[in-house]
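Read in order, the letters of the sequence shown correspond to residues 95 to 235 in my numbering. Note that beta-carbon positions come from the ideal geometry of N, C-alpha and C, so glycine has one too. Quick caveat, the model's predicted, so the values are computed rather than measured.
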Amino acid sequence: MDVKILRVKAIGPAIPSMYLDKRLQDDKEYGFTIFKPDTNACKNWLNQRQPRSLRQPFSYGGPIVEAKLPRNFSEETSEKGLIVSWCPQLEVLAHEAVACFITHCGWNSTLEGLSLGVPIVVMPQWTDQSTNAKFVTDVWG
């Protein structure tokens with residue numbers, strides 16, 4: 095029998111099975127990322143929080159914003175938040191400490207929040223985000 099192997103890649107957000115039906119227990123990764131997530135720091139910090147106690151799991155700004163933070167800001171606010179260069183969003187959203195997800199409603203973030211059943215607070219900015227926010231609040235809400 096001649097078997098042909100097709101090399102196929104998913105397009106768009108394809109939520110790993112571990113976060114949906116859990117049929118594939120080791121399927122946790124999206125795959126390639128250009129960022130190096132600080133997974134252990136994120137998990138350790140989240141594990142110290144009460145269930146459903148976090149209302150703003152993400153805030154983006156990058157190195158430019160981080161450079162403008164006051165000296166010792168990270169240490170002085172460590173009980174209220176964690177500053178890392180990048181974290182695995184799916185793992186954070188799936189964590190029991192997350193009460194809701196305040197998001198700009200980009201398509202990936204919207205799908206991830208909906209797929210994991212996390213309540214979403216919408217704050218669209220531009221392009222598809224307003225449409226996604228409309229669906230989150232008026233259609234899927």
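Between residue i and residue j, what straight-line distance do the alpha-carbon atoms span, to the nearest angstrom?
i: Ala191; j: Thr204; result: 19 Å
i: Tyr113; j: Gly211; result: 10 Å
i: Leu187; j: Arg165; result: 29 Å
i: Lys103; j: Gln144; result: 38 Å
i: Pro213; j: Gly207; result: 7 Å
i: Lys174; j: Gly156; result: 19 Å
i: Thr225; j: Gln150; result: 22 Å
i: Leu163; j: Gln183; result: 23 Å
i: Asn202; j: Ile158; result: 24 Å
i: Asn134; j: Ile196; result: 23 Å
i: Arg146; j: Thr221; result: 31 Å
i: Lys98; j: Ile105; result: 22 Å
i: Cys181; j: Leu100; result: 32 Å
Taking residue i as part of the beta strand (DSSP E), name the residues at either end of that continuous run.
i: Tyr215; result: Residue identity check: residue 215 is Val in the sequence provided, not Tyr. It spans 214–216 - the beta strand (DSSP E) in which Val215 sits, taken as one unbroken run.
i: Ile158; result: Not the beta strand (DSSP E): Ile158 falls in the alpha helix (DSSP H), residues 156–161.
i: Thr197; result: 195–197
Less than 8 Å between the beta carbons of residue i and residue j, yes or no?
i: Pro218; j: Cys199; result: yes
i: Lys122; j: Pro131; result: no
i: Ser179; j: Phe129; result: yes
i: Cys136; j: Glu170; result: no
Return the bridge partner residues of residue i from the DSSP annotation.
i: Val192; result: Leu148
Alpha helix (DSSP H) containing residue i: first to last residue?
i: Ser224; result: 223–228
i: Leu205; result: 201–209
i: Glu170; result: 167–170
i: Cys136; result: 133–141
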